[in-house]
Each structure stands twice: as structure tokens, then as C-alpha cells.
Amino acid sequence: PGSDECINGWHGLSPLALGIWAFVVLAVLFLVGRLASQVLPGRGADFVLELPPLRVPRPGNLLVKTLARIEWYLREAVPLFVLGTAILFTADRLRLLGWIERAARPIVTRVLGLPSETAPAFVIGFLRRDFGAAGLFDMARHGRIDAVQSVVAMVVITLFIPCIANFFMIVKERGWKTALAIAGFVFPFAVAVGAGLNLVLRAIDLPLR
């Protein structure tokens, strides 16, 4: 669709809505970073950055570095995306996605104040972030979620772990225990932030369109 149709699909969400989303996400990042610095052991270190001489890059160097980055991506990241897609396909064939969606509906409706139809978008959003975002956009375009619900949904899906491939990357870098601990914190925390934001926006009734 064209840009005008996309804007109308969101029913004219105001810049204030985008500002609230950005403010909440940034505030959460600073808050979690501050709390993590107090909880995690270790001593802070001075940040020293040495700037190299700025020169016009050589085409050969650009080509070598670009090829090296592409090779790393194909070797490290692509297999994780393939694995995530395979898990999504298997879960769909075994009807596990439907079971997870039904289990998530009470949280979505009673805690976040969203319609039950958004549960599949959140479930798919963890497996494939772009699919989840597309589902929420389609609901907003057809008027099945209002302005407050749109902002709450955007905040929650942004604070989620991006996708299952990202989760596997955390497992690879940090191990299963740390990855599960991160997931065990991130998902309830994202829901709690969304629930609080829903209550605040409903109470103050800002013009978000």
C-alpha cells in the first residue's frame, strides 16, 4: 500500500503516540541498565576511545571487509534463522502454536487490555518479529485495536526478545542458563510495562490520534 493508505490504516496515530512509545522504551533501557549496574558484580571502568586517523577508504579494503562480514553472517546467523523457521513450521504442524496462543489470551486480554486476537501476533512475534508486527499492523488497519492498544502493543513487542534466532544467539554466546534467565525476566517485564502503560494511558486519556 501507499504511504497515505498506511497512515490511514493506523487511523492517524499522532506524533504523541510515537513519542510515548520511544520514551517508554528508552526509559526502560536506562532503568534496566541502572539496575543491572547495581546488581551485577564488578567494577566500572573508564571509557577510553582512541580515534584512528580519518582517511578515504580504499575500495579493496571495503570489499574485503564487506565479504568478511557477509561470510560471518552466512556462517553464524543464517543457520539460526533457518532453525527458528524450522521450529515455527514444526510447532504449527503439531498444533502447538494454537495451544500457546490459547494460554496467552488471558494475559493479553486481562493484563494488557488487548483483544484476544492479538495473542497470535505476540506468539508469532517471538518466533518471527516481522510476522508479529505485520499482524498487529493489520489489526490496527482494520480498526480492531484502538490508539491506546496500538501503543501498548508496540511497546510490548519491542521489549520482547526480538526473535527465536536472537534467543539462540544468546544461548550460543552466554549458554542456556543465562539465556533462559534473560527470557524469564524479559517476557514478564515487557508484559508488566505494557500493563502499566495501558492503565496510565486509559487514566489520562491523551489524544493519540
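Per my numbering, the sequence shown starts with residue 1052, numbered consecutively. Ideal Cβ placement from N, Cα and C applies to all residues, glycine included.
- About 14 Å separates the beta carbons of VAL1202 and ALA1078, which is beyond the 8 Å limit, so they are not a contact pair.
- Contact between LEU1178 and ILE1208 does not hold, since their C-beta atoms are separated by about 12 Å, which reaches or exceeds 8 Å.
- Ranked by how close their Cα comes to the Cα of ARG1195, the residues ALA1119, ALA1234, PRO1166 have PRO1166 in first place.
- If you draw a straight line from the Cα of PHE1132 to the Cα of LEU1139, it is about 10 Å long.
- The three-state secondary structure of GLY1183, taken from DSSP, is helix.
- Taking 3 residues as the shortest admissible run, the stretch 1163 to 1233 contains no complete beta strand (DSSP E) segment at all.
- Excluding its 5 nearest sequence neighbours in each direction, ARG1156 has C-beta neighbours in its own chain below 8 Å: SER1167, ALA1170, listed in chain order.
- Inter-residue distance for GLY1247 and ALA1142 is about 31 Å (C-alpha atoms, whole angstroms).
- Distance from the CA of ARG1126 to the CA of PRO1239, rounded to the nearest whole angstrom, comes to 32 Å.
- PHE1236 is classed as exposed because its beta carbon has fewer than 16 other beta carbons within 10 Å across all chains shown.
- Here ASN1112 is exposed, its C-beta having fewer than 16 other C-beta atoms within 10 Å.
- Taking THR1160 as the centre and dropping the five residues before and after it, the same chain places the C-beta of SER1167 closer than 6 Å to its C-beta, in chain order.
- The beta carbons of ILE1233 and ILE1215 sit no closer together than 8 Å.
- Comparing C-alpha distances from PHE1074 to each of ALA1254, GLY1183, LEU1210, ARG1260 shows the shortest one belongs to LEU1210.
- With 16 or more neighbouring CB atoms inside 10 Å of its own CB, LEU1252 falls in the buried class.
- GLY1226 and PHE1218 have their C-alpha atoms some 10 Å from each other.
- Cβ-Cβ separation between VAL1174 and LEU1148: approximately 6 Å, consistent with a contact (criterion under 8 Å).
- If you draw a straight line from the Cα of ASP1197 to the Cα of ARG1180, it comes to about 21 Å.
- Nearest C-alpha to GLU1224 among LEU1134, PHE1182, ALA1128, ARG1144: ALA1128.
- Cα atoms of HIS1193 and LEU1102: separation of roughly 51 Å, rounded to the nearest angstrom.
- In this structure, VAL1206 lies near TRP1072, with their beta-carbon atoms less than 8 Å apart.
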